[in-house]
Each structure stands twice: as structure tokens, then as C-alpha cells.
Amino acid sequence: MSHPIETYALIFVVGALIGSFLNVVIYRTPVILLAGAEDEINEEPTIPATFGSRLKWTLNYFWEDFSYSVSYLFKDFWVESGAVLKGLSFPGSHCGNCQNSVAWYDNLPVISWFILAGRCRHCHEPYSFRYPLIEALTGLLFVYVFWLKGPSLDLFAWLFWAAALWAVFWIDVDTQFVFNVMTYPSIFLGILYNGSKGNLKWSLAGGLLAWCLFEAIALLSVLLLKKEGMGGGDVKLAMLLGVWLEPKLLMISLMLAFVTGSLAGLALVAIRRQSQPFPFGPFLVLGGLVALSVGDSLWAWYIDKSIW
Ligand SMILES: [Zn+2]
Numbered sequence: 069m070s071h072p073i074e075t076y077a078l079i080f081v082v083g084a085l086i087g088s089f090l091n092v093v094i095y096r097t098p099v100i101l102l103a104g105a106e107d108e109i110n111e112e113p114t115i116p117a118t119f120g121s122r123l124k125w126t127l128n129y130f131w132e133d134f135s136y137s138v139s140y141l142f143k144d145f146w147v148e149s150g151a152v153l154k155g156l157s158f159p160g161s162h163c164g165n166c167q168n169s170v171a172w173y174d175n176l177p178v179i180s181w182f183i184l185a186g187r188c189r190h191c192h193e194p195y196s197f198r199y200p201l202i203e204a205l206t207g208l209l210f211v212y213v214f215w216l217k218g219p220s221l222d223l224f225a226w227l228f229w230a231a232a233l234w235a236v237f238w239i240d241v242d243t244q245f246v247f248n249v250m251t252y253p254s255i256f257l258g259i260l261y262n263g264s265k266g267n268l269k270w271s272l273a274g275g276l277l278a279w280c281l282f283e284a285i286a287l288l289s290v291l292l293l294k295k296e297g298m299g300g301g302d303v304k305l306a307m308l309l310g311v312w313l314e315p316k317l318l319m320i321s322l323m324l325a326f327v328t329g330s331l332a333g334l335a336l337v338a339i340r341r342q343s344q345p346f347p348f349g350p351f352l353v354l355g356g357l358v359a360l361s362v363g364d365s366l367w368a369w370y371i372d373k374s375i376w
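In C-alpha cells, the structure reads:
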């Protein structure tokens with residue numbers, strides 16, 4: 069769809085402003101949610117050696133994860149979102165070094181970082197280049213979604229979808245955690261959105277399909293490979309893609325995630341000469357975002373090339 073260049077510029081600026089907010093979300097959410105949880109983070113599960121006891125362990129693990137995921141909705145979700153909302157709104161932007169608050173004119177997305185040469189106005193502490201980078205990339209992400217969806221009410225839903233995925237991407241890169249508090253609201257909004265379009269059936273089916281697939285991978289990797297191959301957070305992230313994207317786009321996005329994730333895993337092994345856990349969430353996010361535009365053509369190409 070073609071629109072005047074000014075429209076794209078405006079969308080970019082809006083995206084960069086949202087990106088500035090996402091920087092706060094990305095930085096503060098793990099700090100808030102992981103406070104006092106260090107023991108749990110370092111806790112490696114002991115997976116039993118024999119196949120029979122591993123099967124029992126796996127089923128128990130599955131049941132505990134499942135019942136927690138459901139009960140989370142009724143209690144912990146509200147506690148955690150309350151804590152995150154409070155932590156995001158207070159205190160305002162300030163320098164982590166000298167504690168001086170950042171004035172609005174020093175907090176302009178992308179621009180301020182360059183005007184201040186990447187340093188605090190007061191104490192000259194250097195700020196990471198990642199802040200303006202994430203702001204600029206969020207601007208581009210908004211332009212991308214606008215280019216696909218055009219000016220419509222739907223655009224707001226898809227911008228929310230993309231922004232939530234984008235925050236999940238960076239939090240997973242930083243901490244290797246995909247937090248429920250970030251995925252649950254988006255899962256429900258996806259079901260509501262597609263329900264309002266008369267697509268309730270495939271939205272629920274997509275979420276269920278993603279859940280089955282990722283739970284199966286998680287269980288089989290414990291059972292056969294004796295290690296945790298997929299975190300509970302990845303399962304919810306896959307469901308998030310499933311409830312938003314129509315089934316063929318879901319398949320394409322998962323395929324893209326598995327292909328790029330495996331390549332990255334192999335590259336990591338080649339570089340570090342040993343296998344190390346790395347976050348899979350970012351690959352799911354990129355798979356979903358890419359599938360939104362080229363998913364249909366990739367699907368047509370795939371069906372065309374395969375024998376069936
Ligand atoms: Zn400072």
C-alpha cells in the first residue's frame with residue numbers, strides 16, 4: 069500500500085516514542101519480577117537417569133506446569149502486573165549513575181542520545197547505544213506494520229501485537245526469560261481480536277496447536293535427550309503467535325524460528341566449541357514478524373515445491 073512519505077515519517081516518530089517506553093519496559097520488568105528470586109533462577113532441575121522414572125518425572129513436570137499456567141491467571145498474574153505497572157510508572161526516567169532525573173528535552177527518542185553524545189547531561193556517564201537503536205528499530209517496526217495493515221482500526225491491534233513481541237525479544241535476549249505477564253495479555257487480546265473478526269475457531273485452534281507442539285518438544289527432550297529443551301515461557305510465546313496468526317502463517321513462523329534457531333545454535337557451537345543454552349524466544353518473535361508479510365508467498369512456494 070502506498071501512502072505519502074509524511075505519513076510514514078509520522079508513524080516512525082510514534083514508533084520511536086513507543087520504543088522509548090519499551091526501553092523502560094525491557095530494563096525494568098526483569099528487575100521487578102526477578103527481585104528476590106535468585107535461588108529459583110540458578111536452580112537446575114535434576115532429571116532422573118532411568119527411562120521409567122524420567123517418564124514419571126516428565127508427566128509430573130507437565131502437570132505442575134499446566135496447573136500453574138492456569139492458576140497463574142487467577143492470582144499471580146494480577147500481583148505481577150500490578151508490580152510491573154507500578155515499577156514502570158515510578159520513578160520517572162533518571163540517570164542510573166547520578167540519579168538526576170532526565171528532562172523531556174533530553175529524552176527525545178534517538179535524537180537526544182546523539183545530541184548528548186551518548187552521555188548523561190549531569191555526570192557524563194555513558195549510555196548504551198542500545199537505547200537509540202531499540203527506539204529507531206521500533207520506529208521501523210511500526211512503519212512495517214503500517215505498510216502491511218494500512219490506516220484502520222486493525223492497525224492498533226497489530227501495533228500492540230508487534231510492540232509486545234518486540235519487548236519479549238529483548239527481555240529474552242537479556243535474561244533468557246519469557247515472562248507470563250508479557251505474553252498472557254497478548255494471548256487474550258489475540259483471541260478477542262480474531263473472535264471479533266469471526267475467526268475465533270482458528271485462533272483457538274492455533275493456540276492449541278502451538279501448545280501441543282511445544283509441550284511435546286519439551287517433554288520429548290527431557291525423556292529422550294535428558295535435558296530441558298524448551299522453557300515454559302517459549303510455550304506461551306508460541307501460543308501468542310498461534311492465536312494471532314492464521315494457521316498457515318503460524319506454521320511458516322514456527323518453521324522460520326526452528327530453521328534460524330538451529331543455524332544460530334550450530335554457529336554458537338562452532339564458535340564456542342560447546343553447546344550452551346541460548347534463548348529461543350527471539351527466533352519465535354522474528355519468525356512471527358517476518359511471516360506477517362512474506363508468510364503467504366513462502367507458504368505458496370512451499371506447497372508448490374513439495375510433492376503433495
Ligand atoms: Zn548521570
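End of the sequence shown = 376 in this note's numbering, gap-free, step of one. Every residue gets a Cβ at the ideal spot worked out from N, C-alpha and C, and that includes glycine. Predicted, not measured: the structure shown is a model, and the values here were computed from it.
Practice prompt. Answer yes if the segment 315 to 334 comes into contact with the segment 203 to 219, meaning at least three C-beta pairs across the two stretches below 8 Å, and no otherwise.
Written response: no
Worksheet item: Do isoleucine 320 and leucine 272 have their CB atoms nearer than 7 Å?
Response: no
Item to complete: Please report the Cβ distance between phenylalanine 313 and glycine 274, rounded to the nearest whole angstrom; I am assuming they are in contact, meaning their Cβ atoms lie under 8 Å.
Response: The displayed chain sequence assigns leucine, not phenylalanine, to residue 313. Correct: roughly 7 Å between the Cβ atoms.
Worksheet item: Alpha carbon to alpha carbon, what distance is there between glycine 299 and tyrosine 136?
Response: 14 Å
Practice prompt. List the whole-angstrom C-beta distance separating arginine 187 from tyrosine 195, where the pair is believed to meet the contact cut-off of C-beta under 8 Å.
Written response: 7 Å
Worksheet item: According to DSSP, which residues form a beta bridge with arginine 187?
Response: Pro194
Item to complete: Quick one: give me the first and last residue of the alpha helix (DSSP H) that glycine 299 is part of.
Response: Where glycine 299 is concerned, there is no enclosing alpha helix (DSSP H), given that its DSSP letter is neither H nor E.
Fill in: Proximity of alanine 235 and valine 362 at Cβ, strictly below 7 Å
no
Item to complete: Spell out a yes or no on whether the segment 242 to 250 and the segment 140 to 152 are touching, meaning 3 or more CB-CB pairs, one atom from each, closer than 8 Å.
Response: yes
Item to complete: Can you grab the Cα-Cα spacing for the pair glutamate 296 / asparagine 168, in whole Å?
Response: 44 Å
Worksheet item: In angstroms, rounded to a whole number, what distance separates the CA positions of tryptophan 229 and lysine 304?
Response: 14 Å
Worksheet item: So is proline 200 buried or exposed if we call it buried at 16+ other beta carbons inside 10 Å?
Response: buried
Worksheet item: What distance in whole Å lies between the Cβ atoms of proline 177 and glutamate 203, which are believed to be in contact at a cut-off of 8 Å?
Response: 4 Å
Item to complete: Assign leucine 153 to buried or exposed, taking buried as 16 or more other Cβ atoms, counted over all protein chains shown, within 10 Å of its Cβ.
Response: exposed
Item to complete: Could you tell me how far apart the beta carbons of alanine 338 and alanine 306 are, in whole angstroms, since I believe they sit closer than 8 Å?
Response: 27 Å between Cβ atoms; not a contact.
Item to complete: Have a look at leucine 334 and tryptophan 172 and give me their C-alpha separation to the nearest angstrom.
Response: 44 Å
Discussion item. Just to confirm my understanding: we take arginine 96, look at its own chain, exclude 5 residues before and 5 after, and list those with CB closer than 7 Å. What are they?
Written reply: Gly155, Leu156
Fill in: CA-to-CA distance, valine 170 to glycine 160, given in whole angstroms
8 Å
Discussion item. My output table needs one value for serine 169: the three-state DSSP class, helix, strand or coil.
Written reply: strand
Worksheet entry | Cβ-Cβ distance between serine 254 and leucine 308 below 7 Å | yes
Worksheet item: Cα separation between leucine 208 and valine 82?
Response: 10 Å
Item to complete: Whole angstroms is fine: what's the gap from valine 311's alpha carbon to isoleucine 183's?
Response: 42 Å
Worksheet item: Rounded to the nearest angstrom, how far is the Cβ of glutamate 132 from that of asparagine 165, given a contact under 8 Å?
Response: Incorrect: roughly 42 Å between the Cβ atoms, too far for contact.
Worksheet item: Using a Cβ-Cβ cut-off of 6 Å (strictly less than) and excluding sequence neighbours within five positions of serine 88, which residues of its own chain qualify?
Response: Pro177, Glu203
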